[in-house]
Amino acid sequence: MQFWLIQTLNSIAFGGLLFLLSSGFSLIFGLMRMPNLAHGAFFMLGAYFGATFMNWGINFWIAALMAGLVVGGLGIVLERGLLRKLAGNAQGQVLVTLGVSFIIADVCLMVWTGDPVPVPAPQWARAPTFFIGYAFPTYRLVVLGVAVVAAVLLYILMERTRLGAMIRAGVDDMEMARGVGIRVSLLFMMVFLLGAALAGLGGTIGGPIMQAYPGLDQDMLPLALVVVILGGVGSLLGAFVGSFAVGFIYNFGTALFPDFAYVILFLPMVAVLVLMPQGLFAGARQ
Amino acid sequence: MANDILELSGVHAYYGDSHVLHGINFGLRKGSLLGLLGRNGAGKTTCMSTIMGFLNPKQGSIVLEGERIGGAKPETIARKGICLVPQGRRIFRSLTVKENLQVAERRVPDTPGAWTLARVFEIFPRLKERQSQFAGSLSGGEQQMLAIGRALMGNPRVLLMDEPSEGLAPQIVADVGRIIAMLKAEGLSIILVEQNIKMTLNLADDIVIINTGQVVFSGPAAQAAADHSLISHHLGVF
Ligand SMILES: Nc1ncnc2c1ncn2[C@@H]1O[C@H](COP(=O)(O)OP(=O)(O)OP(=O)(O)O)[C@@H](O)[C@H]1O
Ligand SMILES: [Mg+2]
Chain G
1 MQFWLIQTLN
11 SIAFGGLLFL
21 LSSGFSLIFG
31 LMRMPNLAHG
41 AFFMLGAYFG
51 ATFMNWGINF
61 WIAALMAGLV
71 VGGLGIVLER
81 GLLRKLAGNA
91 QGQVLVTLGV
101 SFIIADVCLM
111 VWTGDPVPVP
121 APQWARAPTF
131 FIGYAFPTYR
141 LVVLGVAVVA
151 AVLLYILMER
161 TRLGAMIRAG
171 VDDMEMARGV
181 GIRVSLLFMM
191 VFLLGAALAG
201 LGGTIGGPIM
211 QAYPGLDQDM
221 LPLALVVVIL
231 GGVGSLLGAF
241 VGSFAVGFIY
251 NFGTALFPDF
261 AYVILFLPMV
271 AVLVLMPQGL
281 FAGARQ
Chain Z
1 MANDILELSG
11 VHAYYGDSHV
21 LHGINFGLRK
31 GSLLGLLGRN
41 GAGKTTCMST
51 IMGFLNPKQG
61 SIVLEGERIG
71 GAKPETIARK
81 GICLVPQGRR
91 IFRSLTVKEN
101 LQVAERRVPD
111 TPGAWTLARV
121 FEIFPRLKER
131 QSQFAGSLSG
141 GEQQMLAIGR
151 ALMGNPRVLL
161 MDEPSEGLAP
171 QIVADVGRII
181 AMLKAEGLSI
191 ILVEQNIKMT
201 LNLADDIVII
211 NTGQVVFSGP
221 AAQAAADHSL
231 ISHHLGVF
């Protein structure tokens, strides 16, 4: 029983982490019509930066926010400095993001070496929480809380503000959005800032569970891809449900059938791609 | 001409290598309605897309009240007050009706009679009733009203309407016709693209007919209406 409860909590916490990663990935994908293959690298950078900031004696939460800001800034540089110059050339843009992810990975290796860097959880969250006679890892509950707060804020931004409506208009019909006067280049920048910042924040928040290590980027990116394929490109609800679905599949898959974890993960993705290529939530609103 | 609010001169446009507009010339007089006619594939929508900046004119000029706008970005052109009701409506399906109108809002302070959400809801009460519904769930006629309302939210100096009666039931086509007449009476400058020739000849002050990307007629609506051979030759009807 303990096993199932703990694995369930782990799955939910991992799902929350995936939401921080893939909500931004999905928004960028939906608006700019391209997967940002540097998104996993943004997450890894967030983990490394968070660890370094905490090393300097900065509080966990401040460190996480700072990591989000730094990585968000980097997102703007990538968008303004490179992707903007390749507007209309989606293939070129995708390749650039892949190249940038390699560069980030190499720079991380130089700066933080090849050894895993532990990211400490806040002191108070290290002791387990006892509830109905079971011991729960407190920090996983914290991760879940952060993801829920992020989801609520994102929901308000996307569904309850004019800016969010403009972003959704751009996802629906980019050309027509421009034709009613929406400045899409500004939207691109804001969505890149937001998505990269969420990934950076997620990196620090995920740090105590995953550590910062070379290859973290390549471990996370495919998961974000699976989430977006399951949930549909550019859909916040899809990213939310997809994240928790993948969290469960991946977590129980690795716990129960360690040799088949990726098969169990990618099989549903292939099925969705073949049967419902728009994702499970495409058209949910119509 | 001096009193033209919008003027196209020698406009050439391409889709990739395919040359679609071959030197289009016409002017829209301020406060008038210009009917733009032509067969399927003549280049009417391409003309609208080029004015709107979706397509860059390779040659020629597009001038809005003395200001060259040819080749500018669509968002820049829209913000100058050129507002499009596109063919096929192209409403934002996953936005609510109200959001569709709000994202297109262009405020023009201190202008009496400026278009606002309240005024759009006044002429389209159906949209007011359905303001919180997703636009994708509206009927075809309601979507067309929304597309018109969305364009009006941009407080058009020039309103471009691309086949607003396409695919609608006759009753609704009549509604659309009444709305266009009302907008014209308000003094709006309008380019109306239509397959519905009768409606266009009734509403328009001037007519431009294009055929394979070239202007083949340009003159008063009364003259076009009287010339049956012109219409049957270039539009293949009557
Ligand atoms: N996106 C595109 N790419 C390539 N060619 C196009 C494209 N859109 C239109 N065309 C071609 O350009 C020509 C003009 O098309 P356009 O849509 O402007 O015609 P139209 O007069 O609006 O016709 P309709 O009455 O059917 O709307 C046609 O030959 C069409 O096949
Ligand atoms: Mg057309």
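As they're listed, the protein sequences go chains G and Z. Numbering of the first sequence is given in the numbering used here, commencing with residue 1 and proceeding in unit increments. Numbering of the second sequence is given in the numbering used here, commencing with residue 1 and proceeding in unit increments. Where a beta carbon is used, it is the ideal one built from N, C-alpha and C, also for glycine.
In this structure, A224(G) is the residue among L237(G), A224(G) and Q123(G) with its C-alpha nearest to the C-alpha of F266(G). Residue contact check for R93(Z) against chain G: a CB pair falls below 8 Å. For the pair L21(Z) and G213(Z), the CB atoms are nearer than the 8 Å cut-off. Relative to ligand 2, even the nearest heavy atom lies 7 Å or more away from the CB of T200(Z).
Counting C-beta pairs with one atom in each stretch, the segment 37-46 of chain G and the segment 158-165 of chain G have fewer than three that are closer than 8 Å, which means they do not touch. Against chain G, a Cβ distance below 9 Å from V103(Z) picks out R162, A165, M166, R168, A169, A177, V180, G181 and I182. In the assembly as shown, N251(G) is a buried residue. Its beta-carbon has 16 or more other beta-carbons within 10 Å. G141(Z) is outside the set of residues whose beta carbon lies under 8 Å from a beta carbon in chain G. Using a 10 angstroms sphere on the CB of D106(G), the tally of other CB atoms stays under 16, which defines it as exposed. With its beta carbon at least 8 Å from every one in chain G, A114(Z) lies outside the interface. For G53(Z), there is no enclosing beta strand (DSSP E), as DSSP marks it with neither H nor E.
Counting only residues of its own chain and dropping the five nearest sequence neighbours on each side, T97(G) has a CB closer than 6 Å to the CB of N36, L37 and A38.
Remark: the C-beta of K44(Z) is in contact range of ligand 1, defined as less than 7 Å to any heavy atom. Each residue's CA atom was taken as its position, placing P164(Z) and V70(G) some 49 Å apart.
Around the beta carbon of W124(G), fewer than 16 other beta carbons sit within 10 angstroms, so the residue counts as exposed. For R150(Z), the C-beta contacts it makes with chain G under 8 Å involve V180, in order along the chain. Around the beta carbon of R93(Z), 16 or more other beta carbons lie within 10 angstroms, which makes this residue buried. DSSP places I210(Z) within a strand segment (E or B) once states are collapsed to three. Annotation for P222(G): no residue places its beta carbon closer than 7 Å to its own, counting only its chain and skipping 5 residues before and after. Here R90(Z) is buried, its C-beta having at least 16 other C-beta atoms within 10 Å. The DSSP-derived three-state label of Y213(G) is coil. For the pair of segments examined, the segment 50-62 of chain Z was found not to touch the segment 197-209 of chain Z: the number of CB pairs separated by less than 8 Å stays below three. For I62(Z), the beta-bridge partners assigned by DSSP are L8(Z).
Interface annotation, D219(G): not in contact with chain Z, CB-CB separation never under 8 Å. Under the Cβ criterion of 8 Å, R130(Z) is not counted among the residues facing chain G. Looking at the DSSP output, P220(Z) bridges to D206(Z).
According to DSSP, residue pairing for Y14(Z) in a beta bridge involves H19(Z). Taken atom to atom, the span from the alpha-carbon of L117(Z) to that of I231(Z) is near 40 Å. By the neighbour-count definition (other C-beta atoms within 10 Å, threshold 16), Q144(Z) is a buried residue. Fully enclosed alpha helix (DSSP H) runs of no fewer than 4 residues occupy 39-55 of the segment 31-79 of chain G, in order along the chain. A heavy atom of ligand 2 is found nearer than 7 Å to the CB of E163(Z). In its own chain, leaving out the 5 sequence neighbours on each side, no residue places its CB closer than 7 Å to the CB of R107(Z).
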